[in-house]
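This report concerns only the one structure given below.
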Amino acid sequence: YSSSETPPAEATDLNGALADLPEKHPNLAAVVLIGDGDWNTGGPPSAAATRLRMREIPVFAVPTGSTEALPDVEIGAFEVPVFAIAGKPLRIPFTLVSTLPREEAVTVELKAPGGELITQNVTIPAMGRLEDSVLWRPQQAGQATLELVVPRAGEETQMENNRAEATLDIRQEQLRVLILESFPRWEYRYLRNALERDPGVEVNCVIFHPDLGKPGAGRGYLKAFPSGEELTKYDVVFLGDIGLGNGQLSDEQLEAIRLLVRDQASGLIFLPGLRGYEASLLGTQLGELMPVVWDEAQPRGWGTPLPGKFVLTEAGRSSLLTKLEDTDDASAQTWSTLPGFHWYAPALRAKVGTEVLATHGTESSRFGRVPLIVTRTYGSGKILFMGADGAWRWRKGVEDKYHYRFWGQVVRWMAYQRNMAAGDKMRLFYTPDRPKAGEALTLNANVMSATGEPLRDGTVVAQIAAPSGKVSSVRLNPAGEEAWGLFTAVFTPTEAGPHQIHLTCAESGDPLETTIPILGTTREKRGRPARIDVLEEIAQLTRGQVLPTSDVASVVAAVAALPDPEPDQRRLPLWSHPAWIGTIILLLGIFWAGRKVAGLF
């Protein structure tokens, strides 16, 4: 059954097919439905079946197909990001779905540009799914196409779904990071060194030194907190052991940081310390951004003579942030052997809507294990809470291997969405980052005025050219009355393939051009088991029957056994019919005309 789309899509719409029958056939007595009961577009078939029941039209369902899925291995997901950084390792997750009766060991291949071939041995579970990843290090900037190939496994019957392709941009990276700190503690010093040695990161620092009354100075140091225009250039902000007042941050600066995260898609990292200055932020604008509930009775945290350990949660084992080795198991093992910490923040529990990646190995609150690494989203930006200041100790015995890798991954993860497409005055990012045809795509644009300040009101228009040449014009509106240069709109692509985006703003000047790849969706998937339960529900609702496929005579007999429909009685009230008054007027007219002719008047 083709859907009602024009042109018809490759989809099955049982509800639409059944609902149209009474209108197409007014004298419909019964319906014979032959199929597997599977549907993938339109409403549920039970809605149309209910309307057929109200008209007393039974449905006789004849099931086809097998109730068991054909043996097959399918690539369920191939999660290639929009862009990657030249020279940096890229972890690409993929999912394999199997309907094979036994587990199979196969070698998955990733074909990269230049003939590069990366292989990985995996074991696909029987009648299950496998989630794994492959590591690739792009070398040159430019457009790249990756192809994932899964060889034939066991008794697999079809190979069409054993390949998946995706394109991405390989870029030369330059991220901007701002570190705000009160004193140059050890965690700050090693963090700054790690980011300064990263060729893809430009780092600036503000050390307030509240006791000295003037900020620190040196290479990469700022004399004061950046202005509104300068602040918007930073992709990630580290908020160390620093608070409100006392020669540190002001209310206006806290509000600027909040708007930077909410509207400019920047990342914010809470990195508290033993002085407890971050406790003063709880009642400010940044209090709602904090991913954890703070223990106000112990604002300076807890020190321990014995080193504490990080323990990854289930989410942490599979997170890109905590990936210190190439595999999940090896990474979890590395975390368990990292040098411990001697101080942790007074976090009681994680707030609702957050994701806990790591907890304290031994210490608990009344809510459970103390959360140490927690992430969340706020507006269009991301937030991370690091509840221990011992990451610099990870260098023991291995130098910079894990310390540099962890903070490098954190910075790039938090800046990913913000850097999807950027120009001089405009920046475009969207969700989801791998949109599909027929699904809503949210466009977000950060726009600066000609003077470099975030634009609060303006005419921002995106011209979207589909692969067929059809051009759609979408206007992006301010995200709110207090939006800080953020404009947003929702667009639903109908075609698969690369869509050319031409973003313009009369108030900012130069346009921004980029390409958004839209993935196609295959609704009609071969080898799926028949859904006999759907056919049984339709037959039950309409008081029909489910008949065996092999016995054609039973289908004919069931339809022939239907009782004759009751005669359709249509009463015509003659006494009030307009023809009566018309006939009387006609006869009176003839009578009057006859008398005139006879000269009786």
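Just so you know, we're using our numbering here: the sequence shown kicks off at 48 and counts up by one.
From the three backbone atoms N, C-alpha and C, an ideal C-beta is built for every residue, glycine too.
Residue from the options with nearest C-alpha to residue i
| i | options | result |
| --- | --- | --- |
| P525 | I628, Q311, I139, K572 | Q311 |
| E613 | N74, L68, A605 | N74 |
| F130 | L215, P148, F638 | L215 |
| T562 | L621, D615, E500, L490 | L490 |
| L478 | G428, G527, A66 | It is Thr, not Leu, that sits at residue 478 in the sequence shown. The shortest Cα separation from T478 among G428, G527, A66 belongs to G428. |
| P257 | Y391, A211, G294 | G294 |
| E203 | D119, W183, S180, I104 | D119 |
| P595 | N62, G426, V79 | V79 |
| H549 | Y324, L475, A608 | L475 |
| E178 | S365, D373, P514 | S365 |
| I393 | T374, T369, W341 | For the record, residue 393 in the displayed sequence is Pro; it is not Ile. The option with the nearest alpha carbon to P393 is W341. |
| R322 | D557, P354, S229, P262 | S229 |
| E115 | I104, L147, D375, L353 | L147 |
| Y268 | E276, E299, E243, T192 | E243 |
| A512 | R100, A497, P545 | P545 |
| G330 | G265, S313, D298 | D298 |
| H389 | A405, A435, W86, S496 | A435 |
| G574 | L117, Y425, L68 | L117 |
| R100 | A77, D83, G89, H72 | A77 |
| W36 | L395, K370, G426, S519 | For the chain, the structure presents residues 48 to 648; residue 36 sits outside this window and is missing. |
| P501 | E554, K517, R522 | E554 |
| Y425 | G334, G189, S327, T409 | G334 |
Nonlocal neighbours in the same chain, by C-beta distance under 7 Å from residue i, ignoring five residues either side
| i | result |
| --- | --- |
| I81 | V109, T111 |
| G175 | S145 |
| H450 | Y237, A241, A438, W439, W441, R442 |
| D471 | D557 |
Residue(s) in a DSSP beta bridge with residue i
| i | result |
| --- | --- |
| Q167 | V155 |
| Y391 | W349, A435 |
| G400 | Answer by DSSP bridge pairing: none, since G400 is not bridged. |
| F125 | F141 |
| M473 | V494 |
| S412 | G415 |
| E150 | Answer by DSSP bridge pairing: none, since E150 is not bridged. |
| G428 | Y425 |
| F107 | V79, Q592 |
| L225 | N251, V284 |
| A303 | According to DSSP, which records beta bridges pairwise, A303 is partnered with nothing at all. |
| R218 | I132 |
| T59 | According to DSSP, which records beta bridges pairwise, T59 is partnered with nothing at all. |
| N524 | T535 |
Local conformation of residue i per DSSP, three classes
| i | result |
| --- | --- |
| S519 | strand |
| W183 | strand |
| I289 | coil |
| S623 | helix |
| L633 | helix |
| E249 | strand |
| Q190 | strand |
| E212 | strand |
| A131 | strand |
| K443 | coil |
| N87 | coil |
| W639 | helix |
| Y463 | coil |
| R98 | helix |
| Q662 | In the structure as shown, the chain begins at 48 and stops at 648. Residue 662 is therefore absent and cannot be evaluated. |
| V644 | helix |
| V120 | strand |
Cβ shell of residue i (< 6 Å), same chain only, five flanking positions each side left out
| i | result |
| --- | --- |
| Q332 | L301, E302, R305 |
| T220 | What sits at residue 220 in the sequence shown is Glu, not Thr. Excluding residues within five positions, the ones whose Cβ falls inside 6 Å are I132, G247. |
| C552 | V494, G505, V507 |
| L225 | N251, Y281, V284 |
| P152 | The residue asked about is misnamed: residue 152 is Ala in this sequence, not Pro. Closer than 6 Å at Cβ, skipping near neighbours: T170. |
| R149 | A173 |
| F432 | F317, P338, V339, V421 |
| D447 | none |
| L286 | L227, F317 |
Same chain only: Cβ atoms within 8 Å of residue i, ignoring 5 sequence neighbours per side
| i | result |
| --- | --- |
| E584 | P92, S93, A96 |
| T630 | none |
| W627 | L621 |
| G485 | T539, P540, T541, T568 |
| V403 | T360, A362, G363, A397, P418, I420, V421 |
Could you tell me which whole beta strand (DSSP E) segments of length 3 or greater appear in the stretch 313-345? 314-317, 339-341
Minimum length 3: unbroken beta strand (DSSP E) runs contained in the stretch 535-610: 544-552, 559-565
In chain order, which continuous runs of the alpha helix (DSSP H) of length 4 or greater are located wholly inside the stretch 348-388? 361-365, 375-384
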